[in-house]
Amino acid sequence: MSPIRRLPAIVLLVVLAVLPLQAWWRVARPEVVVGSGTAGLHDLVWVASVTPDGRLVVRLTYDFGDEAERTLDIRVPPGARLLTADGAPVAASIGRYGTVTGRGSITVGYELPAAVRRFADGALLELAAVTDGRVDDDRGLFPCPRCYLEPVGYGDVPVHGVLFVPDAAAVRLATTHLSQLQADATTEAVRFVGVDDGGQAVGLLAALPAGAVPDAPLVDGSIDAAFAAARSKLRAAGVSTETPSQQAGTTEIVTAVLLTVLFAALVAWIVARLVTAARERQQEASADAEPHPADGPVPPGDLEPALAGLVVGASGPGERSLVAGTLLALAHRGVITIEGVDSQRFVLTVPAGARGKTPFEEAVLAELRPQGQLTATATFTGPPLWGPAGAKVSRRLRRVATFTALRQRLVRVTLSAIVLLPVSLAMGVIALIGSGGLSPLGWFAAVGGPLLAVATVVLTGVSLTGRGRRERRRWLAYGDWLRANSQLADVGAPGVAVWGEVLPYAAALGAAPTAAKALSPRHGT
Amino acid sequence: MRGRIAAVLGVLALCGCGARAVGLPDLSAVTAPTVAPRSVDIAASAQLGAIQLRDTGGLPPTEPSADGSLLPPAFDALRAQVPPARDFERISIYDDSVYFTFADPAGPGRSISATYSASDGLRVFDPQPSTDDTYPLDGVDAAVPGRLVAGIERRFPTLHATDLDLRRGLSYGFGLVWYVRVQDARGQLATVFADLDGTVVAVDTA
Chain B
1 MSPIRRLPAI VLLVVLAVLP LQAWWRVARP EVVVGSGTAG LHDLVWVASV
51 TPDGRLVVRL TYDFGDEAER TLDIRVPPGA RLLTADGAPV AASIGRYGTV
101 TGRGSITVGY ELPAAVRRFA DGALLELAAV TDGRVDDDRG LFPCPRCYLE
151 PVGYGDVPVH GVLFVPDAAA VRLATTHLSQ LQADATTEAV RFVGVDDGGQ
201 AVGLLAALPA GAVPDAPLVD GSIDAAFAAA RSKLRAAGVS TETPSQQAGT
251 TEIVTAVLLT VLFAALVAWI VARLVTAARE RQQEASADAE PHPADGPVPP
301 GDLEPALAGL VVGASGPGER SLVAGTLLAL AHRGVITIEG VDSQRFVLTV
351 PAGARGKTPF EEAVLAELRP QGQLTATATF TGPPLWGPAG AKVSRRLRRV
401 ATFTALRQRL VRVTLSAIVL LPVSLAMGVI ALIGSGGLSP LGWFAAVGGP
451 LLAVATVVLT GVSLTGRGRR ERRRWLAYGD WLRANSQLAD VGAPGVAVWG
501 EVLPYAAALG AAPTAAKALS PRHGT
Chain R
526 MRGRIAAVLG VLALCGCGAR AVGLPDLSAV TAPTVAPRSV DIAASAQLGA
576 IQLRDTGGLP PTEPSADGSL LPPAFDALRA QVPPARDFER ISIYDDSVYF
626 TFADPAGPGR SISATYSASD GLRVFDPQPS TDDTYPLDGV DAAVPGRLVA
676 GIERRFPTLH ATDLDLRRGL SYGFGLVWYV RVQDARGQLA TVFADLDGTV
726 VAVDTA
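These protein sequences, in sequence, are chains B and R. Heads up, the first sequence is in our numbering, so the first residue is 1 and it goes up one at a time. Heads up, the second sequence is in our numbering, so the first residue is 526 and it goes up one at a time.
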């Protein structure tokens with residue numbers, strides 16, 4: 001039996017381990033995901049500075065994401081002045097409503113005086129006003145982009161914002177119509193990001209520190225009360241406000257938990273299977289050391305020589321070959337002929353139409369037939385029999401023998417595909433769904449994971465079943481008896497005419513090394 | 526079997542299409558917007574660049590320019606004749622006259638109009654009912670209208686600033702600004718809004 005390889009399983013686990021790690025990373029640092037972007041409006045960037053006297057200087061960029069020409073109807077809050085588009089002054093009806101055309105992007109600039117109300121304990125920047133019980137979309141960060149930009153599709157738009165203000169770390173933000181809002185601050189600026197679902201007008205409330213606008217007129221009241229009142233007024237108008245959150249949503253947490261549970265279960269199962277397989281091999285090795293009494297020259301069962309040799313493996317001394325045992329069995333039954341030229345050399349003939357009675361016999365005959373043609377006769381003089389391609393033939397036939405043994409339940413795969421394939425696929429799909437399709441590794445695991453799992457199954461190797469262990473004991477004993485009680489060590493391949501069915505088993509079990517070597521593809525040259 | 530696999534892969538692919546992750550803006554790539562420089566010379570005001578000239582065949586405007594130099598003597602005459610006048614509804618300057626409307630100091634809900642011309646001096650009319658918004662003269666620099674007319678016409682020699690108005694109703698969201706009509710040979714071309722200190726803050730070409 002070939003050894004159990006642990007490396008393929010380790011590689012699979014290392015690849016899959018990244019999925020739960022990545023998922024927990026997303027829990028710790030949640031991403032802002034734009035689910036369905038807007039064709040024609042890739043991004044909105046709002047940058048503003050607060051001056052000491054309470055003015056707001058604004059620069060709003062509409063990034064189209066392509067080079068198509070677009071027309072923007074500019075609408076700025078009442079009182080906005082010095083309106084520019086891409087740095088050039090533009091005319092606007094009553095200073096508020098203009099039209100501009102551009103490619104790639106358009107940047108609207110303006111100043112808004114008296115944008116900040118100063119209280120004794122802070123200042124309020126209010127870019128989300130309610131007029132006559134309704135939210136005034138023109139007084140926000142920007143009016144509905146889908147309404148005033150064309151051509152543009154329907155979808156969500158990411159909004160990036162930066163507000164330059166002294167002592168920005170003390171600023172509190174609330175927005176309208178921005179989901180997944182995240183923000184942080186340095187000493188000089190607050191930055192935020194969110195998703196404008198459906199491309200609506202977005203508003204902003206910012207509670208600034210007391211020293212942000214020292215030259216603005218002082219009004220009565222307090223910043224906390226004003227901030228709360230502004231949010232309350234918006235709520236009464238049917239619009240909720242969002243505050244920045246650094247916490248992951250339910251989806252991220254559930255994804256991370258599911259991936260961790262699946263991965264832990266997979267690790268536990270793989271470790272258990274590998275440990276069990278290693279223990280069984282150890283027990284087999286211990287059993288090999290004990291004497292095995294055999295009944296005599298009659299083969300103890302009806303396994304073909306190749307399978308008898310496969311379950312015994314390399315136990316015991318002597319060169320052996322599953323292929324040699326099979327060829328000798330075919331010769332014994334008269335399917336092929338092996339005629340001696342002398343005591344060592346032989347002529348092996350595969351007649352046209354020769355068929356084996358097992359899949360392995362058929363596979364061996366197919367390797368010998370010229371271009372695999374059933375109707376052709378092939379004649380070889382050996383040893384050697386196989387030529388320079390013998391090593392490849394040996395590997396191919398070894399796989400056939402293993403599959404045959406699997407079908408006959410003499411061996412089983414150490415790591416079952418029934419577990420590895422669905423688990424690796426499930427982990428990939430869960431990672432994809434949890435990341436909104438953004439995880440490249442999730443894609444790899446979903447598509448390549450099952451392939452990696454199949455490779456792991458094949459490369460890890462097989463272990464004997466209970467039936468396989470019983471057969472092994474019997475054929476091990478038979479091989480020992482043949483070595484001790486027959487003089488087959490020096491018998492060549494033509495000896496099958498004399499020794500009959502004993503020689504094929506002897507060649508497969510290591511009791512007829514000369515015959516095995518003469519017919520083995522491992523000794524092709 | 527192959528069809529089912531293709532369908533699953535297709536669904537997986539569609540799940541990935543259109544979705545993208547975005548992060549906080551990179552502060553190193555962002556510059557803070559700054560207040561636009563205020564030009565002392567009105568002719569050099571950046572916002573006047575929004576005026577787009579029309580082809581007038583080289584012909585001059587038919588309407589004469591407003592005479593901003595009339596305002597200071599008009600104020601003097603008004604103070605001399607109506608000292609209590611404090612809250613104004615309107616100050617309009619034309620080529621040969623200035624028109625005032627101010628709240629009647631003798632009673633609320635009434636306004637008084639007056640005109641001034643170099644030839645006829647100040648004429649004050651009877652009070653009329655009025656509920657228009659008013660403004661005090663604090664911060665109204667009498668020299669600004671003349672500077673606005675001179676500055677606009679120096680920047681655009683083919684244009685005339687034909688009349689200026691200072692009214693709440695014509696200030697829109699700007700609070701209180703000078704409303705300056707600008708004409709070329711074809712007629713009305715633009716309206717210029719200017720702060721009380723003469724800073725041009727907006728241009729309307731509607």
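Backbone N, C-alpha and C define an ideal beta-carbon position, used for all residues, glycine too.
Identity of the residue in B:L482, B:W475 and B:A518 nearest A493 of chain B by Cα: B:A518
L204 of chain B beta carbon less than 8 Å from that of L262 of chain B: no
V157 of chain B vs L41 of chain B beta-carbon contact at 8 Å: yes
R81 of chain B beta carbon less than 8 Å from that of E126 of chain B: no
Contact with chain B by D524 of chain R, beta-carbon distance below 8 Å: Because residue 524 of chain R is not part of the residues shown, which for chain R are 526 to 731, the question remains open.
V547 of chain R at chain C interface by Cβ criterion, 8 Å: The structure shown contains no chain C; its protein chains are B and R.
Three-way DSSP call (helix, strand, coil) for V447 of chain B in this model: helix
Closer than 8 Å to chain B by CB, V705 of chain R: no
Alpha-carbon to alpha-carbon, I567 of chain R and I677 of chain R: 7 Å
Between the CA atoms of I338 of chain B and A329 of chain B - distance to the nearest angstrom: 11 Å
Limits of the unbroken alpha helix (DSSP H) element including H332 of chain B: L322 to H332
Cα-Cα separation, D342 of chain B to G466 of chain B: 44 Å
Inter-stretch contact at 8 Å, needing at least 3 Cβ pairs: the stretch 707-721 of chain R / the stretch 608-628 of chain R: no
Distance, L476 of chain B Cα to R483 of chain B Cα: 11 Å
Under the three-state DSSP convention, the category V159 of chain B falls into: strand
Residue-chain proximity (S245 of chain B, chain R), Cβ-Cβ < 8 Å: no
Span of the beta strand (DSSP E) around E103 of chain B: Sequence check: residue 103 of chain B is Arg here, not Glu. Taken as a continuous stretch (DSSP letters only), the beta strand (DSSP E) holding R103 of chain B covers Y97 to R103.
8 Å Cβ cutoff met for D688 of chain R and R706 of chain R: yes
T186 of chain B versus B:V165, B:A453 and B:K357, residue with shortest Cα-Cα distance: B:V165
Euclidean distance between Cα positions of L438 of chain B and M427 of chain B: 14 Å
Neighbour flag for A575 of chain R against chain B, beta carbons, 8 Å: yes
Residues of its chain near L425 of chain B, where Cβ-Cβ distance is below 7 Å and the 5 sequence neighbours each way are ignored: A446, G449 and P450
Closest by C-alpha distance to G133 of chain B, when choosing among B:P20, B:V400, B:G238 and B:G153: B:G238
Residue-level contact to chain R via CB, S93 of chain B, 8 Å cutoff: yes
8 Å Cβ cutoff, L552 of chain R in contact with chain B: yes
Near-chain B residues of the stretch 567-598 of chain R (beta-carbon distance less than 8 Å), N- to C-terminal order: A571, Q572, L573, G574, A575, I576 and Q577
Contact between the stretch 272-289 of chain B and the stretch 455-475 of chain B (3+ Cβ pairs under 8 Å): yes
7 Å Cβ cut-off: residues of chain R touching P217 of chain B: Simply none; closest approach about 13 Å.
Where L573 of chain R sits in the DSSP three-state scheme: helix
V213 of chain B to A569 of chain R span [Cα, whole Å]: 30 Å
Stretch pair the stretch 33-47 of chain B + the stretch 139-154 of chain B: three plus CB contacts closer than 8 Å: yes
Spatial distance of A575 of chain R from P440 of chain B (CA atoms): 49 Å
Where V18 of chain B sits in the DSSP three-state scheme: helix
For W703 of chain R: DSSP bridge partner residues: R:L691 and R:A719
Same chain, Cβ closer than 7 Å to V18 of chain B, five either side skipped, listed in chain order: L441
Own chain residues within Cβ distance below 6 Å of P63 of chain B, not counting five before or after: Here the sequence assigns Asp to residue 63 of chain B, which means Pro is not the residue at that position. H42, D43 and S105.
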